[in-house]
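Note sheet for the following structure.
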Amino acid sequence: MSRKPAKPVLYFSFRSPYSWLALRQLEARFPEAPETVEYRPWWEPDDRTRKALDGRGAPFPYIPMSKAKHLYILQDVKRLSEGMGYKVAWPIDIDPWWEVPHLGWLAARRSGQDRQLLAALMSARWERGADICDQDVLRAVAEEAGLDPLPIVSAVDDPDIRAEGLEALVRVYEDDAFGIPYFKIGRFRYWGLDRLDGFLQELSAAGLRTDDAAAVEDDGIPVAIADRIGAYDHDTAGGCG
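Residue numbers (our numbering): 50 to 290.
The following block contains the structure:
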């Protein structure tokens, strides 16, 4: 008996502007993506989670970013978003706690509301510049999306969700998902926004329908953002890692 093919995978992060762009493009060009592709979270762990990962022999992939690369990304994302017809509002990250939104998303997934929260948080962060690592902001975003905020906001203190989050990051290590957005289908891997076409083509080759419609200077970088060098440590051209 032949084995059922593994479900295609997308690793995403709320931290990454390229994840935001990739998700918008993927779902615009392939509306069935949320039902067809397994979305998996990828985030920089806090000290508690990092120690647990090290104890599992699954260290989190981390590459510090140079000032030059950071400034390039600010320009690159502005250029890309304008070309796609999106307006970006740069968030300013000061000691962000990435467990807050990502574990909140895992909690929403348990109740089948992950798609709504994902869209709401990506929009809040990248289109309004909101600090989604702030639990009060997370609560407001969940409420605006029509979701019960309590399990989402309290997820970071829930031992079961914490354990689920640890397993999610162990899987990041096991899948060699060194950056995001990171697409996987069968033995094929695609890293970065500029690899979305290849991922969609492979979905088509696997017999999955795609709607591959044509996608479509002042640097405009706010001083406060330019000064936050390293705030997007996992970002590189078209992807983060």
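We treat Cβ as the ideally placed atom computed from N, Cα and C, and that holds for glycine.
In this text the structure is predicted, and so the values were computed from the model without any measurement.
Query raised in the report: Can you tell me where the beta strand (DSSP E) with W240 in it begins and where it stops?
Result: Here the beta strand (DSSP E) through W240 covers F237 to W240.
Query - Pair within 8 Å by beta-carbon distance, V205 and W91 - result: Taking 8 Å as the Cβ cut-off, V205 and W91 do not qualify as a contacting pair.
**Report entry** Straight-line Cα distance separating L215 from D243
**Finding:** Distance between the alpha carbons of D243 and L215 is about 29 Å.
Query raised in the report: So the alpha helix (DSSP H) I210 belongs to, where does it begin and stop?
Result: I210 -> alpha helix (DSSP H) spans P208 to E223.
Report task. Measure the C-alpha to C-alpha separation of Y67 and G241 and round it to an integer number of angstroms. Result -> Y67 and G241: Cα-Cα distance of roughly 7 Å.
Query raised in the report: How many angstroms separate the CA atom of R105 from the CA atom of V202?
Result: Distance between the alpha carbons of R105 and V202: 27 Å.
Requested in this report: Examine the ligand FMN and report whether any of its heavy atoms sits within less than 7 Å of the Cβ of F109.
Outcome: Of the ligands one can find in the structure shown there are none, so the ligand FMN has no counterpart to examine.
Query - DSSP state of Y135 mapped onto helix, strand, coil - result: coil
**Report entry** From V219, F248, L257 and A189, residue whose alpha carbon lies closest to that of P110
**Finding:** V219
Query raised in the report: Should A264 go down as buried or exposed, given a rule of 16 or more other Cβ atoms within 10 Å for buried?
Result: Here the model assigns A264 a pLDDT of 40, short of 50, so the residue's position is not dependable, and the following value carries that caveat. With fewer than 16 neighbouring CB atoms inside 10 Å of its own CB, A264 falls in the exposed class.
**Report entry** Distance CB(R211)-CB(L167) smaller than 8 Å
**Finding:** No. Outside cutoff.
Query raised in the report: Opposite Y88 in the DSSP bridges: which residues?
Result: L59
Report task. Return the chain-ordered list of same chain residues with a C-beta closer than 6 Å to the C-beta of P140, the five sequence neighbours on each side being excluded. Result -> R174 and G178
Report task. Give every residue of the same chain whose Cβ lies closer than 7 Å to the Cβ of E213, excluding the five residues on either side of it in the sequence, and list them in chain order. Result -> L155
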